[in-house]
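Chains as they are written, first to last, in my numbering: chain A, 60 to 450; chain B, 82 to 364; chain C, 3 to 584.
Ideal Cβ placement from N, Cα and C applies to all residues, glycine included.
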Amino acid sequence: MQYETNQPGDRDMTQYKKTAIAGAICAMLSLPASAEVRIGVVIPDSGPSSLFGPASRNVALMAAEDINASGGINGEQVRLFFADVGVPPAQSAQAAVRLWRGEDIDGFAGMHNSAVREALIGQFRGQVPFVYSGVYEGGECAPGTWVTATTPAQQLAPVIPWLVENEGVSRWYMIGNDYNWPRDTNDAARSMIAATGGEIVGEEYVPLGSSDFDASLQRIQASGADAVFITLVGGDSVAFNIGFGAFGLDEQAIRFGTLIEENTLAGIGAAGANRLYSSLGYFANIETEPAKAFAARYASEFGEDASALNALSQSVYDGIMLLAALGNAAGSMDVEAIAKVADGTGYQSPRGKPVLSGTHADQTIYLADGTGAEFTVVAQFDNVEHGVSCE
Amino acid sequence: MDQLFLILLNASWQMAALALLALGLAIVFGLLRILNMAHGEFVMLGAYSHVITAQFGLPPLMALPVCIVVVGLVALLIERAVVRHFYNRMFDSLLATWALSILMREFVEMIWGRAYRNVPLPVEGMIKLGGVGYPTYRLMVIAFVVIGLAMLWLWYRNSLTGVRIRAVVSNPALARAVGINTTRFAAAAYVIGCVLAGLSGLLLAPMLGVEPSMGLDALIRSFFALVVGGLGTLEGLGIGAAVIGGVQAGLSAALNQTAGYLGVLVLAVIFLWRRPDGLYRRR
Amino acid sequence: MGFIVGASLALLGLLMAVPAVWGDFVTWQLGLFLLYGIAAQGVGLAWGRGGFLPLGNALFFGVSGYASAMILHATDGALVPNLLAIVVCAAILAALAWGLAMLVFQGRLESGPYFSLITLALVLIVEQLAETAQSLTGGFNGYSGYPSIAGLDPFGNLYYLIAGLVVVTTFCLMLLEKLPAGLVLRGLVSQEARLQTLGFATHRVKAWVFALSAFITALAGALFASHQGIVTPQASGFVLSSELLIWAAVGGRLHPLGSLLGAVAIGFLSAELRDTYLWWEVLIAFLFLAVVIAAPGGAIEMLSYLAQKLGWRPHELTVAPNPPPPTRPNNAAGALTLRDVHVSAGEIRILDGLEFTCPTQGFLCVIGPNGAGKTTMLKSITGAMKVERGEVSLGGQTVTNLPQYRALSNGIGRKMQIPTVFEDLSVRENLQLASLANRARAIDYFRVAPLGWEIPELSRLLDQPGVPLRELGDLNAGALPQGHRQMLELCLTLTPAPAIVLLDEPTAGMSPEETALMVRLIKKYQLETKAFVLVIEHDMALVQALDARVLVLHQGRRFAEGSFGEIRSDPRVAEVYTGGNK
């Protein structure tokens, strides 16, 4: 059996348990030298991002199916091994290394936060190919690491001019959580806003886990901003946007965020989502043919009640597909071999036609309007450059 | 001028929300000396009452009785099974209720998953107060908290039950000798404290992201508000909420949110060190 | 002592075997959990031996980790500078912990939740600062890109460094338990108030415990930096603090091996089972709850209970008797005088202008109806209750409102109204603790010999026929009947040889034979040491037997004073107070 079976209509947890047990049994029965490519998939099953765990797992299974259906990697079938990296970086590193050593992993695909990424890279040290996907702040140049994750440059470069042109905004207020990703994102945004002739009328950072944004909302109102750029995450983003709507500030300004996905939008609710834009590499209801086919297939394989797709969980599919593409292009899973041929490699994705340029992927970016608590894609930008230079 | 008024309204909201949040804990700790680390989870359960109500297709207003019933039953169960053993063991009550909070969180996750739930505002729109618009629902909650606390205080001062409560707190053995059933009293106090926590979650849910781990933040803020005011009196609750809420709102408005957050923590440390009985000395 | 060495060597052997038997991956895994285990030992020490609950110990772990990472970066991993830096950094954090504990515990008898909440607030502050100060700490993404200490491989030789540290901390902590210092700590947890009347500044004891706890945790944090290659704000966060607590609780906070066991067992099992068994977290929470409710000593306690059922006995340390040093000279001496003393409890005025002078030696009996303020008077002399107005002095030197632990250094010993002994300690240990009081210097707490001090005052008491305490040496003091308990408490009070002895109803609840014995003991002590003994009594026969002056208290004031005969025949006293024979 090359890939785990799945039945439509199963609840995610039974699915997961079956998968895990099947995987464990297969692992126990497997012979040391098997003709297969072993891919370690490291995703959060616990902690703050655990919400995306089940869907990530599902799309990973879809990726394995697709790869094996078209002949596997260099003629060998692909087999997936999962590890939970939602725990603090120390334990996440342990989980990943356990897979690596214990299961003889040939390549890793991961979707998790940057602290975990740093910890994993510190352990892998370029000895095993590692594809990082999701959304992040850019700048990862470690050897042996390739990235499908969207960067601030990608999510902002085409979108800011679009917003300026279509919504006529010019006074920007930036608010984000106080850590690396928001700060780096805002740095990227600054020059782009200036290039459109806009000005930044306010910038503030709030601690992770804030629930009261009244002071910030008041500042936004007083500043006369007509566009608010949001780099808040999780519950903070939800609370902020609810408050924004409650104070009727959506009449004064549009909002735009680079990590507002379906789950956050559901938490915000319709009252808080008026004129709320989101720029990501993927939305569950993109209308392009590949995306619709992907969503339909997901629904039929995992059921209508399965965990919802979003940019983060779907990115795991892209990550594994890139890993396979790299392996096939290089003829092996060796990091050196891959590094020689990586540049220019394309991989299959419902997002469009992404292509590696250097170590990062140039890809399609979608801009969606969340008004009414449902995303409606209003613009699509193809082949957006990632803007990361590793020298 | 408008800006200042808005700051005052925001501060009032902070104080009212904090007082509401911490009330249940004030009762449980003040009367029973139990450090109820599961307080935040009861708040979370109250918030989830909206989800339960919607799930059963009931009209939204039914969330109130659903909250009281669900939270009350869970609290009763917990009191019977666990909390009862810890009435004189403060540290152990902290640890036991902490373990319970983990369990409650896990169960909620298993039943409803980890996704964010949105609770629509029961009352939408804003009211104009002297040139400044403020969300109607918030004003209603502020009014409710102020009136509610005032009535509670009056009732406690003047009612027979209030006297009985004071008797049990100051001398449990004597109270028992006089015929007050202290076991039932303790259970009632715990359940009522938790139900109040649930009600605060119910009222505040439309303003927050509702998800299983929303309780920790509520717990920490409640504890520090009580610490400043004086663990265990209504007056202390009011003072503590006012000071902590005011400081956080003020610092956030003047500087930034990080300053507000750190300022509250530093203030809490100072009060814990210098005036552990809080600003309001219990007679 | 041999047992401790044996256990440590066994631990060392076990740890050394791991790389050979299970390979370098398990070694690496175990290394992390050993480090967490050391940190858990720190928490267990503070909680189990100090009696206070630190909710924020991860802050020492993380801050030390960050510091170590930065210094490793700057020195490129050189061995000696980094070892030095680790110890210095840990010492600095220990000093800060000491200061914090001194500030918080001074003047406060119970540990209360305040200290715990302060440490909670502090760890939240540090975690937030670590996230905010991106340029210094790397922020949320963590601080990385530095070599490990001496370039040791976390999958290889670094493990031996970690294993060595584990054995050292476990050995030292186990040793501490056997030393007088360990005895003092057990007394602290058992009955803090009594420890203070034996002259121990308990806030200082707690401060030292917390400092040691911080030191150990910081050492572990420093090696964590080398082991992981990255330090993130979570290493100094609330979640790690709470995990340390759970590990120490479930493993057994009362024993260093317990905390270690908790961290390694739960950590390991979590890593293995978390992926396969979805409800792992629920199970751990249930386990934690079960431990709190039913087995506060954790797994170690259950294991030792089983072992004892199988016949194993905990090793008893036997020390040869040896002569003690003399008691320390008193800071103040002379006649005890109360001048216009006012003491209230809330709105109730208890002492209302109490005034009298005691003789420098001999007996004084204080009698009076209930509520007259007799016990309060004793408390105000030793500092257990606050004197609002007025003065208490010793030979002209003011001792008003001094902290309780200073009483003994002024030569004042007090026996409490309700006999207060160290219930969790054996009778012998109670007496050992009292033997240390007022005699031991700092170094003596870390030597074994003081446990064998034979105090002449104590020996005289124990040698008296009718005093059974020597034979009852192994019994837990909490299991003593009232009469023996009173005797034990008298011994505790008299062993430090105070010059002023305050006895609060020393024969309450005793039979006539026991009462007579107590009178003999007290009289003997007074004769031999020329002390001044103040006795609060209700039993007139006793007062008569002591043949002392009598002071009558009424409504917080001196009502009458005179010889027994005078007082007995005074009609005013009869009106106020009807005494009687037993």
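Buried versus exposed call for residue i [16 or more other C-beta atoms within 10 Å across all chains shown]
i, result
"A/Pro241", "buried"
"B/Phe225", "exposed"
"A/Glu199", "buried"
"A/Lys399", "exposed"
"A/Phe141", "buried"
"C/Lys376", "buried"
"A/Met380", "buried"
"C/Ile73", "buried"
"B/Thr264", "exposed"
"C/Val65", "buried"
"A/Arg278", "buried"
"B/Leu307", "buried"
"A/Ile345", "buried"
"A/Phe434", "buried"
"C/Asp506", "buried"
"B/Trp94", "buried"
"C/Ser571", "exposed"
Nearest neighbour of residue i, chosen from the options [CA to CA]
i, options, result
"C/Leu102", "C/Ala152, C/Ala216, C/Ala80, C/Ala69", "C/Ala216"
"C/Leu536", "C/Thr384, C/Tyr307, C/Arg487", "C/Thr384"
"A/Asn300", "A/Pro220, A/Glu162, A/Ser269, A/Asp165", "A/Ser269"
"B/Glu292", "B/Leu116, B/Leu332, B/Val132", "B/Val132"
"A/Glu226", "A/Pro413, A/Gly446, A/Ile313", "A/Ile313"
"B/Leu112", "B/Met118, B/Ile149, B/Ala268", "B/Ala268"
"A/Gly294", "B/Met96, B/Ser333, B/Leu297, B/Leu284", "B/Leu297"
"A/Ser296", "A/Gly283, A/Asp285, A/Glu310, A/Glu321", "A/Glu321"
"B/Gly229", "B/Leu332, B/Leu277, B/Thr134", "B/Leu277"
"A/Phe306", "B/Met288, B/Ala128, B/Ala231, B/Ser130", "B/Met288"
"A/Arg97", "A/Asp104, A/Thr418, A/Asn117, A/Leu139", "A/Leu139"
"A/Thr423", "A/Gln182, A/Gly429, A/Ala438", "A/Ala438"
"B/Thr314", "B/Leu102, B/Phe110, B/Leu336, B/Gln329", "B/Phe110"
"B/Leu210", "B/Phe86, B/Thr339, B/Val124", "B/Phe86"
"B/Gly319", "B/Leu90, B/Ala92, B/Leu89, B/Ala97", "B/Ala97"
"C/Gln343", "C/Thr531, C/Ala213, C/Arg559, C/Leu138", "The identity of residue 343 of chain C in the sequence shown is Val, whereas the question assumes Gln. Of the candidates C/Thr531, C/Ala213, C/Arg559, C/Leu138, the one whose C-alpha sits nearest the C-alpha of C/Val343 is C/Arg559."
Neighbour list for residue i in chain C, Cβ cutoff strictly below 8 Å
i, result
"B/Leu314", "Position check: residue 314 of chain B holds Thr in this sequence, whereas Leu was assumed. Near B/Thr314 there are no residues of chain C at all, since even the closest Cβ is about 15 Å away, more than 8 Å."
"A/Arg157", "Phe27, Gln31, Ala273"
Beta-carbon spacing of residue i, residue j below 9 Å
i, j, result
"A/Val228", "A/Leu426", "no"
"B/Gly105", "B/Ile273", "yes"
"A/Ala123", "A/Val137", "yes"
"A/Ile234", "A/Glu262", "yes"
"C/Gly39", "C/Ala265", "yes"
"A/Asp246", "A/Tyr264", "no"
"B/Leu126", "B/Gly311", "no"
"C/Val284", "C/Tyr68", "no"
"B/Leu285", "B/Ala100", "no"
Contact list for residue i against chain B, beta-carbon separation under 8 Å
i, result
"A/Gln150", "Within chain B, no residue comes near A/Gln150; the closest Cβ sits about 17 Å away, beyond 8 Å."
"C/Leu380", "Chain B residues near C/Leu380: none, gap ~24 Å exceeds 8 Å."
Under 8 Å from the C-beta of residue i: neighbouring residues of chain A
i, result
"B/Gln84", "Gln277, Ala281"
Contact set between residue i and chain B, taken where Cβ atoms lie within less than 7 Å
i, result
"A/Pro266", "Gln338, Thr339, Tyr342"
"A/Ile327", "Asn199"
message: Quick check: the segment 405 to 423 of chain C against the segment 495 to 504 of chain C, are at least 3 beta-carbon pairs closer than 8 Å?
response: Contact between the segment 495 to 504 of chain C and the segment 405 to 423 of chain C is present, because at least three Cβ pairs lie under 8 Å.
message: I'd like to know if the segment 350 to 365 of chain A and the segment 105 to 119 of chain A are in contact, where contact means that at least 3 CB-CB pairs between them fall below 8 Å.
response: A contact between stretches requires three or more CB pairs, one per stretch, nearer than 8 Å, and the segment 350 to 365 of chain A meets this requirement with the segment 105 to 119 of chain A.
message: Does the contact criterion of 3 or more C-beta pairs under 8 Å hold for the segment 170 to 181 of chain B versus the segment 291 to 307 of chain C?
response: The segment 170 to 181 of chain B, when compared against the segment 291 to 307 of chain C, does touch it at the 8 Å Cβ threshold.
- request: Could you tell me whether the segment 124 to 142 of chain C touches the segment 343 to 352 of chain B, where touching means 3 or more Cβ pairs closer than 8 Å?
  value: Here the segment 124 to 142 of chain C lies against the segment 343 to 352 of chain B, with 3 or more beta-carbon pairs under 8 Å apart.
- prompt: Any chance the segment 225 to 243 of chain C sits against the segment 269 to 282 of chain C, with 3 or more Cβ pairs inside 8 Å?
  reply: The count of Cβ pairs closer than 8 Å, one atom from the segment 225 to 243 of chain C and one from the segment 269 to 282 of chain C, stays below three, leaving the stretches out of contact.
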